[in-house]
Amino acid sequence: MVKAIIAPSILSADFANLGCECHRMFDCRSDWIHIDVMDGHFVPNITMGPPIISSLRKEIPKGNKDGSSPSFFDCHMMVSNPAQWVPEIAKAGGDQYTFHYEATENPLELVKLIKANGMKAACAIKPGTPVDVLFPLAEYLDMALIMTVEPGFGGQKFMANMMPKVEELRLKYPTLNIQVDGGLGRDTIPAAAKAGANVIVAGTSVFKAQDAAEMILFLRSQVDQ
Ligand code: DX5
Ligand code: ZN
């Protein structure tokens, strides 16, 4: 059984207090921090990039390479040219680099480049992309991300019709980290957990919760049962 990993998306954080917000999440027992990098081209939004990641890394020093210590920066790269940013994200302190399958012609080369830069490599697919594009890649990946909203914005509605993709992937790869991202919260986590997702990104539901620690615990309890 793969373990639950809870990754709050700082897209929903208070940007004026980003360092404190990251500390708050780790204090609330989050496993990772999910960092949404958007270039205004692959998606119709601009968020943050290497300088912000680098500043956050000064606040939260690197931990164990395997992600077991709470300092893991999970970088979701919603950019048109993912190969371009690999060295900079590595230098800024990213632990994992998730590129979009739709943004690259040669995903295996990109995986090699990411690993050569000392990061874990993950591949994301948008809702319209079939899951089988991940099959030839899966054995080289540290994680696969099944998007449960169209990438670009926080606070969207969870697409339950993505769950068959998660189920199919889980059946083929029992030990792979499978991440879901978009619209995850109290009402939608049961379906994602049942389908076999173990890495849970949650922006709105965690950052806007009255009690973020309780929400993180709840999400974890739904996956680890
Ligand atoms: C959307 C981002 C998500 C987003 C999730 O493109 O990839 O990580 O922040 O936000 P919620 O949990 O609010 O849907
Ligand atoms: Zn994301």
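Each residue of the sequence shown is one higher than the one before, counting from 34 in the numbering used here. The beta-carbon is built from N, C-alpha and C at its ideal position, and this holds for glycine as well.
query	result
Backbone secondary structure at C53 - three-state DSSP	helix
Which listed residue (Q212, V239, F251, G185) has its alpha carbon closest to that of T80	G185
Three-state secondary structure assigned by DSSP to L103	The question names Leu, but residue 103 is Pro in the sequence shown. Coil, per DSSP.
heavy atom of ligand 2 below 7 Å from D214 C-beta	yes
Cross-strand partners of K153 (DSSP beta bridge)	Q129
Residue range of the unbroken alpha helix (DSSP H) whose run includes I179	Not the alpha helix (DSSP H): I179 falls in the beta strand (DSSP E), residues 176-180.
Member of I43, E247, M152 whose CA lies at the smallest distance from the CA of Y173	M152
Alpha-carbon to alpha-carbon, G161 and E142	23 Å
Per-residue DSSP class, three states only, for I93	coil
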